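J.:
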Amino acid sequence: MYLSSNKTSKLFWLMICQILTFTEANSQVFQLSNSETQWLGEQIFFNECGGNFECITSWNEGEEFPSLGIGHFIWYKAGQSAPFEETFPALLNFMASKNAKIPEWLKTEHVNSPWESRYEFYSDFNSPKMKELRQFLAEQRSLQVDFIIQRLILSLNTIISDFPEKDRAEIRVIIQSLINSHQPYGTYALIDYVHFKGTGLKLTERYKNQGWGLRQILEKMMLTEPTLYSFVQTANTVLEARVINSPIARNEQRWLDGWQKRVETYLPSNE
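Under the numbering used here, the first residue of the sequence shown carries the number -10, and numbering increases by one thereafter.
1) Decide yes or no for the touch test of the stretch 41 to 55 against the stretch 180 to 193: beta carbon pairs closer than 8 Å, at least 3 of them.
2) According to DSSP, which residues form a beta bridge with Thr176?
3) Would you mind sorting Ser102 into buried or exposed? The rule is 16 or more other CB atoms within 10 Å of its CB.
4) With DSSP as the reference, identify every bridge partner of Gly200, one or two as the case may be.
5) Across which residues does DSSP place Leu57 in a beta bridge pair?
6) Please classify Lys186 as buried or exposed, where buried requires at least 16 neighbouring CB atoms within 10 angstroms.
7) Pop quiz: Ile180 and Ile233 are said to be a contact at Cβ under 8 Å. What is the actual Cβ separation, rounded to whole angstroms?
8) For Ala230, which residues of its own chain have a beta-carbon under 8 Å away from its beta-carbon, when the five flanking residues on both sides are left out?
9) Can you have a look at Ile237 and say buried or exposed, based on whether 16 or more other CB atoms are within 10 angstroms of its CB?
10) I'd like to confirm the pairing. Which residues does DSSP put opposite Ser70 in its beta bridges?
11) I want to check one thing, is the minimum distance from the CB of Thr216 to the heavy atoms of the ligand MG below 6 Å?
12) How about Ser235 and Tyr182: do their beta carbons lie closer than 7 Å?
13) Tell me the DSSP secondary structure of Ser102 in three-state form.
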């Protein structure tokens, strides 16, 4: 365990975390105000699309799937096998549970992406169906933010449980320290990174057996100060390692600068 100059504060948090279950804490620490939730949604939309409305329906060059909504949720076609977690169907289920008015063509249970290729997707870009999809996703921004927040809340205990039992209290301390850091930036960093690069638990989301999700960042932060600045530094290192380990054919180096600029938004402007 890393012992910093703030050893007393850290040990205090260790004792607190042994008394409280993190599940109970989750429901409290992520109770964001309406203005904070709106800010979070704007940040994610800017990160993914630069605020461009038409970017709500995208198919990035070099990828095998479309990315939809303010959070660029992944949507696979029928029978498609890919290493990254599909999120758009889960978003639709969440929206349905909140009584959102979903377009009829999207209501089919376990609906699959209807586009076979990026060319077909953009050939259909100005069709009535695609325009309806963009309008629906633009109108339901708040539910997409709620879904992204919920995804982090539901994943934290799973991430913590993936660590050896002797390390779990320290991981809770790191998470709590981040949540308390420069609010709402610390919360934003955790929420956005899980949405952006995943939990780090899926074995398919690894190159050369090395993951790049929140789990990997937390593990490396056991050797650093549990600060937001350290989180950003560690995330950049993890993303650089992903690019180095990635298949040459994917040419992931072209995305690294944008990924790291996104991570830098986790810091307040005066940091």
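Even glycine gets a Cβ: it sits at the ideal position worked out from N, Cα and C. The structure presented is a predicted model; accordingly, all values stated were derived computationally and were not measured.
T.: Per the coordinate set shown:
1) no
2) The residue given as residue 176 occupies position 187 in the sequence shown. Thr176 pairs with nothing; no bridge assigned.
3) Stepping through the sequence shown from its first residue, residue 102 is reached at position 113. Burial call: buried.
4) By one-based count along the sequence shown, residue 200 stands at place 211. Paired residue(s): Arg195.
5) Counting from one through the sequence shown, the residue named residue 57 turns up at place 68. DSSP, once it has assigned bridges, lists Thr46 and Phe62 as partnering Leu57.
6) As a position in the sequence shown, residue 186 is number 197, starting the count at 1. It is buried - the Cβ of Lys186 has at least 16 other Cβ atoms within 10 Å.
7) On the sequence shown, residue 180 is found 191 positions in, with the first residue counted as 1. On the sequence shown, residue 233 is found 244 positions in, with the first residue counted as 1. Between Ile233 and Ile180 the Cβ distance is about 27 Å, and since that is not below 8 Å, they are no contact.
8) As a first step, residue 230 is located in the sequence shown; it is residue number 241 there, counting from the start. Gln199 and Trp201.
9) One-based indexing of the sequence shown puts residue 237 at position 248. With fewer than 16 Cβ atoms within 10 Å of its Cβ, Ile237 is classed as exposed.
10) For this step, residue 70 is matched to residue 81 along the sequence shown. Looking at the DSSP assignment, Ser70 forms no beta bridge with any residue, so it has no partner.
11) Absence of the ligand MG is noted for the structure shown, with no ligands found whatsoever.
12) On the sequence shown, residue 235 is found 246 positions in, with the first residue counted as 1. On the sequence shown, residue 182 is found 193 positions in, with the first residue counted as 1. Between Ser235 and Tyr182, the CB-CB gap reaches or exceeds 7 Å.
13) What you label residue 102 is simply residue 113 of the sequence shown in a count that begins at 1. Note: Ser102 maps to strand in three-state DSSP.
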